[in-house]
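In our numbering, the protein residues as written are 481 to 641. Cβ coordinates follow ideal geometry from the N, Cα and C atoms, glycine included.
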């Protein structure tokens, strides 16, 4: 498949619609399982549309490493979904949210290092984007750790600054 920009945009719009519908279906316990499947389908669309683009742009992709990461994430998600009690679900959501924020910060940092050592350098747009991704990801990570610890009861009294 040739990853022309117009086709990619169509795939990304389809994925965005699937994500929005998935979130909508998550609003009710009766449709939440279906919402997870719809959002997962959106992620599959994004993944399937982006990989050919990266190959066309001659990125050195380690598909084995990507598959291992996906399988580890799938296993951890399934383990959490089937073994965590419903009363501990807020803690699990906080932990997973923190992992997502931390991942965003790490990806932005690695992209900064990659661009800093390339001949093209870092354009101002990318520098600002990476700064915000690192900042927001780090805040999400630290806030989620605090939320997890509060939900677990590790803070006896409120802490104010």
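{"Asked": "Environment of residue 518 [buried if 16+ CB atoms lie within 10 Å]", "Found": "buried"}
{"Asked": "Cβ contact check for the region 614 to 634 and the region 559 to 577: 3 or more pairs under 8 Å", "Found": "yes"}
{"Asked": "For residue 511 and residue 558, the rounded distance between their alpha carbons", "Found": "18 Å"}
{"Asked": "Inter-residue spacing [alpha-carbon to alpha-carbon] between residue 516 and residue 560", "Found": "14 Å"}
{"Asked": "Cβ-Cβ distance between residue 570 and residue 506 below 8 Å", "Found": "no"}
{"Asked": "Reduced DSSP category for residue 564 - H, G, I as helix; E, B as strand; rest coil", "Found": "coil"}
{"Asked": "Contacts around residue 591, its chain only, beta-carbon distance under 7 Å, and the 5 residues preceding and following it disregarded", "Found": "610"}
{"Asked": "Boundaries of the alpha helix (DSSP H) in which residue 582 is found, first to last residue", "Found": "569 to 596"}
{"Asked": "Burial state of residue 585, where buried means 16 or more other Cβ atoms lie within 10 Å", "Found": "buried"}
{"Asked": "Length of the line joining the Cα atoms of residue 486 and residue 534", "Found": "15 Å"}
{"Asked": "Distance between residue 594 and residue 615 (C-alpha atoms, nearest Å)", "Found": "18 Å"}
{"Asked": "Rounded Cβ spacing between residue 529 and residue 492 (contact assumed at less than 8 Å)", "Found": "7 Å"}
{"Asked": "Own chain partners of residue 526 with C-beta closer than 6 Å, once the 5 adjacent residues on each side are dropped", "Found": "495"}
{"Asked": "Residue 603 - DSSP class collapsed to helix/strand/coil", "Found": "coil"}
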